[in-house]
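Participant: Numbered as in numbering that gives the first Met the number 0, the sequence shown ends at 704 without a single skipped number. C-beta atoms are modelled at their ideal positions from N, C-alpha and C, and glycine is treated no differently.
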Amino acid sequence: MKSDFLIFVVITTIIFVCVAVFYMFRSGMSINNVDDFDKLVSGDFKSYDQVQAIFPKNVEQAKQYSDYSIQLLNRDLERLIKIPAQERTFDNTIQAFDEITKKFGIITSAIHTFQMVCPDEALLNACHESGVKLQQFFVDAVTCNKKLADAIKEYADGNGKSDKLNAEQKYYLQELIKNIKREGLDLPEDKLKEVRALKKELAELTSTFELNINKDKSFILVDAAGLDGLDADFIAQLQKDDSGKYKLTCDNPTYLNVREHCKPESTRRELYRAFKNRAYPINMQCLHDIIFKRDELARKIGFQNFAALDIDSEMAKNPERVESFLSNLLEKSLKKAHREKDEFVKSASSDVHVDASGRINPWDIEYSESCYKKKHFNIDERKIAEYFPVDHALNAIFQIYQNFLGLRFDISKPAWAWHDSVKLIKIYEAQTDVFRGYLFLDLYPRANKYSHYCLSPIVPASIDATGNIHPSVDMMIANFPKASADKPALFTFKDVSTFFHEFGHAMHSVLASARLAGGIGSVKTDFVEVPSQMFEEWVYEKDVLKLVSKHYKTGQPLPDEIIQKLVDLKIFDSGMFVSRQCWQASISLECFKDGKEKDTNLIVKTLAQKMLDYRNFDETTHRQASFGHLAGYNAKYYSYLWSKVYSLDLFNEIKRRGLMDPAVGRDFVNKVLAKGGSADPNKLLKDFLGREPNDKAFLQDLGIE
Numbered sequence: 000m001k002s003d004f005l006i007f008v009v010i011t012t013i014i015f016v017c018v019a020v021f022y023m024f025r026s027g028m029s030i031n032n033v034d035d036f037d038k039l040v041s042g043d044f045k046s047y048d049q050v051q052a053i054f055p056k057n058v059e060q061a062k063q064y065s066d067y068s069i070q071l072l073n074r075d076l077e078r079l080i081k082i083p084a085q086e087r088t089f090d091n092t093i094q095a096f097d098e099i100t101k102k103f104g105i106i107t108s109a110i111h112t113f114q115m116v117c118p119d120e121a122l123l124n125a126c127h128e129s130g131v132k133l134q135q136f137f138v139d140a141v142t143c144n145k146k147l148a149d150a151i152k153e154y155a156d157g158n159g160k161s162d163k164l165n166a167e168q169k170y171y172l173q174e175l176i177k178n179i180k181r182e183g184l185d186l187p188e189d190k191l192k193e194v195r196a197l198k199k200e201l202a203e204l205t206s207t208f209e210l211n212i213n214k215d216k217s218f219i220l221v222d223a224a225g226l227d228g229l230d231a232d233f234i235a236q237l238q239k240d241d242s243g244k245y246k247l248t249c250d251n252p253t254y255l256n257v258r259e260h261c262k263p264e265s266t267r268r269e270l271y272r273a274f275k276n277r278a279y280p281i282n283m284q285c286l287h288d289i290i291f292k293r294d295e296l297a298r299k300i301g302f303q304n305f306a307a308l309d310i311d312s313e314m315a316k317n318p319e320r321v322e323s324f325l326s327n328l329l330e331k332s333l334k335k336a337h338r339e340k341d342e343f344v345k346s347a348s349s350d351v352h353v354d355a356s357g358r359i360n361p362w363d364i365e366y367s368e369s370c371y372k373k374k375h376f377n378i379d380e381r382k383i384a385e386y387f388p389v390d391h392a393l394n395a396i397f398q399i400y401q402n403f404l405g406l407r408f409d410i411s412k413p414a415w416a417w418h419d420s421v422k423l424i425k426i427y428e429a430q431t432d433v434f435r436g437y438l439f440l441d442l443y444p445r446a447n448k449y450s451h452y453c454l455s456p457i458v459p460a461s462i463d464a465t466g467n468i469h470p471s472v473d474m475m476i477a478n479f480p481k482a483s484a485d486k487p488a489l490f491t492f493k494d495v496s497t498f499f500h501e502f503g504h505a506m507h508s509v510l511a512s513a514r515l516a517g518g519i520g521s522v523k524t525d526f527v528e529v530p531s532q533m534f535e536e537w538v539y540e541k542d543v544l545k546l547v548s549k550h551y552k553t554g555q556p557l558p559d560e561i562i563q564k565l566v567d568l569k570i571f572d573s574g575m576f577v578s579r580q581c582w583q584a585s586i587s588l589e590c591f592k593d594g595k596e597k598d599t600n601l602i603v604k605t606l607a608q609k610m611l612d613y614r615n616f617d618e619t620t621h622r623q624a625s626f627g628h629l630a631g632y633n634a635k636y637y638s639y640l641w642s643k644v645y646s647l648d649l650f651n652e653i654k655r656r657g658l659m660d661p662a663v664g665r666d667f668v669n670k671v672l673a674k675g676g677s678a679d680p681n682k683l684l685k686d687f688l689g690r691e692p693n694d695k696a697f698l699q700d701l702g703i704e
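1. Which of helix, strand or coil does DSSP assign to L247?
2. Helix, strand or coil: which one does DSSP assign to G357?
3. Please state the DSSP three-state secondary structure of R690.
4. Just the Cα atoms here: how many angstroms apart are A347 and K373?
5. Can you tell which of Q398, S46, I426, T620 has its C-alpha closest to the C-alpha of S508?
6. Please state whether DSSP places H550 in a helix, a strand or coil.
7. Would you call the stretch 421–438 and the stretch 528–547 touching, i.e. three or more CB-CB distances under 8 Å?
8. Just checking, does the stretch 492–499 make contact with the stretch 631–643 on the three C-beta pairs under 8 Å criterion?
9. State buried or exposed for I234, treating a residue as buried only when at least 16 other CB atoms are found within 10 Å of its CB.
10. Does the stretch 617–637 come close enough to the stretch 283–302 that 3 or more CB-CB pairs lie under 8 Å?
11. Which two residues bound the contiguous alpha helix (DSSP H) that contains Y645?
12. Taking just the CA atoms, how far does Q173 sit from N144?
13. With H, G and I counted as helix, E and B as strand and the rest as coil, what does DSSP make of P444?
14. Looking at the secondary structure, which residues open and close the alpha helix (DSSP H) in which I310 lies?
15. Could you name the residues of the same chain whose beta carbon sits closer than 6 Å to that of V261, not counting the 5 residues immediately before and after it, in chain order?
16. For the pair the stretch 40–47 and the stretch 101–111, tell me if three or more CB-CB distances fall below 8 Å.
17. Between the alpha carbons of L442 and F479, how many angstroms are there, rounded?
18. For Q608, is the classification buried or exposed, using 16 other Cβ atoms within 10 angstroms of its Cβ as the cut-off for buried?
19. Examine the ligand GTP and report whether any of its heavy atoms sits within less than 6 Å of the Cβ of A224.
20. In chain order, what residues of the same chain have a beta carbon less than 7 Å from the beta carbon of A395, not counting five sequence neighbours either side?
21. If you run the structure through DSSP and keep just helix, strand and coil, what is V421?
22. Under a three-way DSSP split, which group does M28 fall into?
23. Going by DSSP, name the residue or residues bridged to L406.
24. Terminal residues of the continuous alpha helix (DSSP H) containing I219?
25. Between which two residues does the beta strand (DSSP E) harbouring L454 extend?
26. Report, in whole angstroms, the separation of the C-beta atoms of S108 and P456, which I expect to be a contact under 8 Å.
27. Would you give the residue range spanned by the alpha helix (DSSP H) that S739 belongs to?
28. From the DSSP output, read off the bridge partner residues of P388.
29. Hey, Q135 and L123: beta-carbon distance below 7 Å or not?
30. Taking the alpha carbon of K569 as the point to measure from, which residue in K682, I378, F397 has its own alpha carbon closest?
31. Does DSSP put I476 in a helix, a strand or coil?
32. For the stretch 201–285, list the alpha helix (DSSP H) runs that are entirely contained and at least 4 residues long, ordered along the chain.
33. Can you give me the start and stop residues for the alpha helix (DSSP H) that E167 sits inside?
34. What's the call for Q85, buried or exposed, on a 16-neighbour Cβ count within 10 Å?
35. List the DSSP bridge partners of H352.
36. Using three-state DSSP, classify Y437 as helix, strand or coil.
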């Protein structure tokens, strides 16, 4: 018996040790030095163990990963810089630079993305600190490293002139050389030192600006009477305080519900003000410093202002062209916006008013639009949502994407994730079964999570020297409504459109397949929204809506008459939509034009009074404090409207050839999606369209010709 017990103890111990080692590996704890770390980030990412290992599991590991990344980048760059000029080749210098920065970018992206979704506040803060540290180190090691720039120029001016490079290699090298000037690397060392310092400060400021928005917990409290007009299912999910009042938070599903359906003006007004004051006042000084230091940075590098520097590498080329584009659109859209406002107010209840100058209050706009839709189209967004149970809608959307793009999705709950609601899609080519990528879906709101919608690329897809595809890793972050006690989770029609959009971003990332990872990941900002906005257009097609809709009770798809109403409604508020986008684009532009000292309150107010003159400006709000794009898109928020011009041109061409035709999908993949940022977007558009792109479809679609 004693021997049996000893055997049992030994076996149990072995099992325990094996399990412990297994989970140590899965949590990344087996990475004990920079060589182990190099193997992790240099792998092909076909194993999920490798994928989950790039996310830090605790505070210590977040710090460890940033330290190893820095050591690895230093080591690799030192080897590259030491190569004699006469021995430089594209592979040992330019390709090597791309692979070195790809490895560093993987962990930087993983940590930044994890900061957006991590439920553990201590780990979230550690990711923030590590992310800032990595960004600041990258400034010294890469963007402001004169020796590295000299190594790249040595190749370009030497062996690069005689080497036979393919189109992708030529474009990558050309963009790399242009970027050397934009980074200030042609400056004398004393000036470059100042540029380095500014970039490091900006790395911390922009990261903090975004973090403050994500961590904001603003809410209002109202009694039961203040919820009149809202669904019982929605109300049942709300938290109450000790006095019995209901808590309305600033997550998107709550805000959308209240602004469209809540009858008491006081509730709409107070939640509007809470939402438009997120991260206020904490972000005001932060934004001031970002503007001040970006202006200093641009001038030191040799640009008139930061907007000029920021747009120099884009399709638009300069702020003046952007201003002309926005001015032209505003002129066309504003008259329609005034007509829309007049019609909406007529349909709203008696507590929606216009003042003596004919302006409506901003918290009444979406509510009056909703009243208009109910009265003139007999459409209630909440009733339409009953046709879009999330599980069915997602499966149908996935099927549409799979058929059109020639893919196969394997959807599961991952073996490891940061939250129980996270899903994982493994993406394969349908015909060849080649594995193309992992896509995480984190779809529902919670505390400390990024509060909007985005696709966050983490590991770029690439092709190695032998022609093998290395899969991508991406994360789609959203904040859709959750299930209630009596109903499954339901998408609104707008949610369906948003999912098509973000999933379009995902496919752009997954299907990019170039030799140079940096070429894939460096899609120009004013082109990056083109594929996503093109796919967004699909939700207005009858055949698509029939597939995606299925009433959660009856199982019936959307009736034809409702589909037609949704199509008709597409342009019912296009004037307001375009003018609002012009306003936000102009805010981002004005903040970064000439001048270090900016009164952002005055900028926001003045532009609103000019571009949104059909509505009152609420001086108690501070839109800029939670305008996260000011940190990420910088001066380039215009990209959404700019991209929409091309996306509608593409969509019309695809529809003409056959919207559901896999052959058209293959052509779109090969000529647009697969190229990523490895070619000039103007060339990609012309190659697919067979002509120069134009804005006819855009103006016609918005009804503002």
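Facilitator: If we stick to the structure as given:
1. In this structure, L247 counts as strand in the three-state DSSP scheme.
2. It is coil, neither helix nor strand.
3. Three-state result, R690: coil.
4. The straight-line gap from Cα to Cα measures roughly 10 Å.
5. Closest option to S508, Cα to Cα, is I426.
6. Note: H550 maps to coil in three-state DSSP.
7. No: the two stretches stay apart, fewer than three of their Cβ pairs being nearer than 8 Å.
8. No: the two stretches stay apart, fewer than three of their Cβ pairs being nearer than 8 Å.
9. Counting Cβ neighbours within 10 Å, I234 comes out exposed, since fewer than 16 surround it.
10. By the Cβ test, the stretch 283–302 is in contact with the stretch 617–637, since at least three Cβ pairs between them sit closer than 8 Å.
11. Per DSSP, Y645 belongs to the alpha helix (DSSP H) from 638–657.
12. Taking the straight line joining both Cα atoms gives about 18 Å.
13. DSSP places P444 outside both helix and strand once states are collapsed to three, so it counts as coil.
14. Counting along the chain, the alpha helix (DSSP H) containing I310 begins and ends at 305–310.
15. A quick correction: the sequence has Cys, not Val, at residue 261. G228, L229, R267.
16. Segments in contact, yes.
17. Spanning the two alpha carbons is a distance of roughly 6 Å.
18. Counting Cβ neighbours within 10 Å, Q608 comes out exposed, since fewer than 16 surround it.
19. The model on display carries no ligand, and the ligand GTP is accordingly not part of it.
20. Counting only residues of its own chain and dropping the five nearest sequence neighbours on each side, A395 has a CB closer than 7 Å to the CB of L546, V547.
21. Under the three-state reduction of DSSP output, V421 falls in the coil class, being neither helix nor strand.
22. Residue confidence for M28 is low, a pLDDT of 43 falling below 50, so the modelled location carries little weight; the figure read from the coordinates is stated next. Correct three-state label for M28: coil.
23. Assignment of beta-bridge partners to L406 by DSSP yields E428.
24. Bounds of any alpha helix (DSSP H) do not take in I219; it lies within the beta strand (DSSP E) bounded by 218–221.
25. Segment 453–458, the beta strand (DSSP E) holding L454.
26. Contact between S108 and P456 holds, with the beta-carbon distance rounding to 7 Å and staying under 8 Å.
27. Beyond the ends of the chain as shown, which are 0 and 704, falls residue 739; an answer cannot be given.
28. For P388, which the question treats as bridged, DSSP gives the partners L489.
29. Cβ atoms of Q135 and L123: not closer than 7 Å.
30. Sorting K682, I378, F397 by C-alpha distance to the C-alpha of K569 places I378 at the top.
31. DSSP places I476 within a strand segment (E or B) once states are collapsed to three.
32. If we require 4 residues or more, the alpha helix (DSSP H) runs fully inside the stretch 201–285 come out as 231–235, 251–260, 264–275.
33. Bounds of the alpha helix (DSSP H) holding E167 are 166–181.
34. Flag for Q85 reads exposed.
35. Here H352 is not bridged, per DSSP, to any residue.
36. Correct three-state label for Y437: strand.
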